[in-house]
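In terms of our numbering, the sequence shown opens at residue 1222 and continues consecutively. Report on the structure given below.
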Amino acid sequence: MDGIFVRNAWRARRAAAVAATCACLVLPLLAQPAAARGPDGIADVAENVIDAVVNISTKQKVNVANGEMPKLPPGSPFNEFFEEFFKNRRGPNGGQQGEGNNERSPRRVNSLGSGFIIDASGIVVTNNHVIADADEVSVILNDGSTLKAEIIGRDQKTDLAVLKVTPVKPLKAVKFGDSDKLRLGEWVIAIGNPFSLGGTVTAGIVSARNRDINSGPYDNYIQTDAAINRGNSGGPLFNLDGEVVGVNTAIISPSGGSIGIGFAVPSKTVVPVISQLREFKEVRRGWLGVRIQQVTDEIAESLNIKPARGALVAGIDDKGPAKPAGIEPGDVIVQFDGQNIKEMRDLPRIVADTPVGKAVDVTIIRKGKEEKKSVTLGRLDDTDKKQASLTKKDDDPPEAKTPVTKMLGLGLAGMTDDLRKRYKIKDKVKGVVITEIENGSAASEKRLQPGMVIVELQQQPVSTAADFKARVDKLKKDGKKAAVLLVSNADGDTTFVALSLQ
């Protein structure tokens, strides 16, 4: 008995010591300020808006042959399920069990995403990729009821879509907030349908703004560490006032799950797109009629622009609004309709958001001096233009001997009928022809090719190789570090290239 008592006493003392140690670990956590655990208002916001957040269910008919996996929309939670399903259905010889290998069988594929109601009459916003190629779209409300949805309009460039449902009673709707007022570190709330689990609330902060993830021409994403997973696409991102400041669209993840890097289309971009989709069933974007490129440090130094900023006009559409307004290749657009253009990618987004037909002021820098132009915007035609290839073909005529001047890693020759025919250069293109590129030179790193034509050097036309060489020699004498070339392809599409003179 005594031995048992001693052991129990020892255990009691040990338990008390462990409890004391645990208390030491717990007390500091309990003493943490509320701000460290997140704002208390998250629960209030979630409770107030969750009925406006919906699940989007789509159905699509696909033909499946030889056990082939159907193609599902990006981010579909059913990818893994179908992969396992079709794997198990393959027979011992790799074909479908009970089916001929060449048989094609129509099947229905389901996919789930998220969305939110912006009008009590039944207007729903989601991502375009959530409803892409769907034959049927349904909206599942927070109370579990399902409504058949009609696609009002969609926009691939911003990945947004508008749906319409007919409810038996007015629905709960949410309002948009101003994403431009978001600050880094500000708390945001994401609500959606991750992994088909239904309405799920996550919270985090704004990690970054104006993110370009190369998904489209108007990238301007909000980055957040709020958990966003597959199925969250199309769901809203709220601020602490319960306003929608973004539409959750993409994640970066090697595993498919959240690693704290999610992206949302800002409400500043969403609102005008949704408005046009509701009114016109399409997006009507402004068009300036210029081809632009980034103002690099080299180009900025050569054009006397300090600091480097704006969008460099590389070419003008002959039928576009910019040409009659007096905008020319070589101009740097630094302000458009009162908005500063900090870098090249700002301009397409701002122009696209500007109403068609509006007269706007455009501030440019030309030869180191600011000028103001007035432009009446046209409407952007989204059809893609194919660029002609400069690749030499087997049926090209044999090369004739042409005097060539070599400098800056380039072989240069004055324009001749033979060169125009050899490289299929259009008559409207004038200048000095690049006939060869020296391997390992600075020119080779700039993606210049034989058959391209140097139209201008330092914003002055050039017509002969000797003229080009004389101007380069003068730039070196003046202490310039780089020369800016306006280079054209065979069709006349131009771009600026800065070549080092060192």
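Note that beta-carbon positions come from the ideal geometry of N, C-alpha and C, so glycine has one too. Note that this is a predicted model, so its numbers are computed, not measured.
Please classify residue i as buried or exposed, where buried requires at least 16 other C-beta atoms within 10 Å of its C-beta.
i, result
"C1243", "Bear in mind that the predicted position of C1243 carries a pLDDT of just 39, short of 50, making it unreliable; the figure below should be weighed with that in mind. By the 10 Å Cβ count, C1243 comes out exposed."
"T1445", "buried"
"I1675", "buried"
"N1561", "exposed"
"E1464", "buried"
"D1518", "exposed"
"G1452", "buried"
"S1400", "buried"
"F1501", "exposed"
"L1418", "exposed"
"I1443", "buried"
"D1567", "buried"
"R1375", "buried"
"R1668", "exposed"
"P1528", "exposed"
"D1440", "buried"
"D1380", "buried"
Just to confirm, are residue i and residue j a CB contact at a threshold of 8 Å?
i, j, result
"G1455", "G1632", "no"
"V1276", "N1450", "This sequence places Asn at residue 1276; Val is not what is there. Result no, Cβ atoms of N1276 and N1450 do not sit closer than 8 Å."
"Q1515", "M1565", "yes"
"K1702", "Q1723", "yes"
"V1466", "L1403", "yes"
"I1434", "A1411", "no"
"I1658", "G1700", "no"
"V1409", "A1447", "yes"
"E1407", "V1383", "no"
"A1704", "Q1670", "no"
"A1532", "V1553", "yes"
"V1555", "R1530", "yes"
"L1461", "A1429", "no"
"V1266", "N1348", "no"
"P1733", "K1396", "Because residue 1733 is not part of the residues shown, which for the chain are 1222 to 1723, the question remains open."
"T1626", "A1691", "no"
Based on the DSSP output, what are the partners of residue i in its beta bridges?
i, result
"G1536", "R1512"
"F1416", "Bridge partners of F1416: none, in fact."
"I1732", "Summary: the structure shown does not reach residue 1732, with the chain confined to residues 1222 through 1723, and so no result is reported for it."
"N1453", "According to DSSP, N1453 bridges with nothing at all."
"M1628", "L1631"
"A1704", "L1720"
"V1468", "P1457, V1486"
"Q1680", "Its beta-bridge partners do not exist; DSSP assigns none."
"F1397", "V1465"
"K1563", "The partner list for K1563 (beta bridge, DSSP) is empty, contrary to what the question assumes."
"I1730", "Outside the shown range of the chain, which is 1222 to 1723, sits residue 1730, and nothing can be said about it."
"T1367", "I1361"
"G1334", "I1277"
"Q1444", "A1429, F1484"
"I1586", "V1553, E1591"
"G1162", "Residue numbering for the chain in the displayed model covers 1222 to 1723; residue 1162 lies beyond these limits and cannot be assessed."
Leaving out five residues on either side along the sequence, give the residues of the same chain with a beta carbon under 6 Å from the beta carbon of residue i.
i, result
"G1547", "K1594"
"V1572", "G1507, L1509"
"R1512", "A1535, G1536"
"S1721", "A1663, A1703"
"V1360", "V1275, V1345, L1368, A1370, V1386"
"V1718", "K1667, L1706, V1708"
"A1521", "A1529"
Which residues in the same chain have their Cβ closer than 7 Å to the Cβ of residue i, if we skip the five residues on either side of it in sequence?
i, result
"A1394", "A1273, I1338, I1339, D1340, A1341"
"T1716", "Q1514, A1535, V1708"
"T1575", "G1507, D1558, V1581, L1598"
"I1372", "I1352, V1358, A1382, L1384"
"D1615", "At D1615 the pLDDT is 41, less than 50, meaning the model places this residue with poor confidence and gives no usable figure here."
Skipping 5 residues on each side, what residues in its chain have a beta carbon closer than 8 Å to that of residue i?
i, result
"L1640", "T1623, A1634, I1646, V1654, T1656"
"E1301", "Note that E1301 scores 49 on pLDDT, short of 50, meaning its location in the model is unreliable; the coordinates nonetheless yield the value given after this. For E1301, where only same-chain residues beyond five positions count, there are no Cβ hits under 8 Å."
"G1652", "M1636, V1674, I1675, V1676, E1677, P1682, V1683, S1684, S1709"
"G1541", "W1508, L1509, G1510, V1511, G1599"
"I1271", "N1363, I1412, G1420, V1422"
Do three or more CB pairs link the segment 1415–1426 to the segment 1377–1388 at distances below 8 Å?
Segments in contact, no.
Given 8 Å, three or more beta-carbon pairs between the segment 1711–1721 and the segment 1574–1585:
Judged by Cβ distances under 8 Å, the segment 1711–1721 makes no contact with the segment 1574–1585, as fewer than three pairs qualify.
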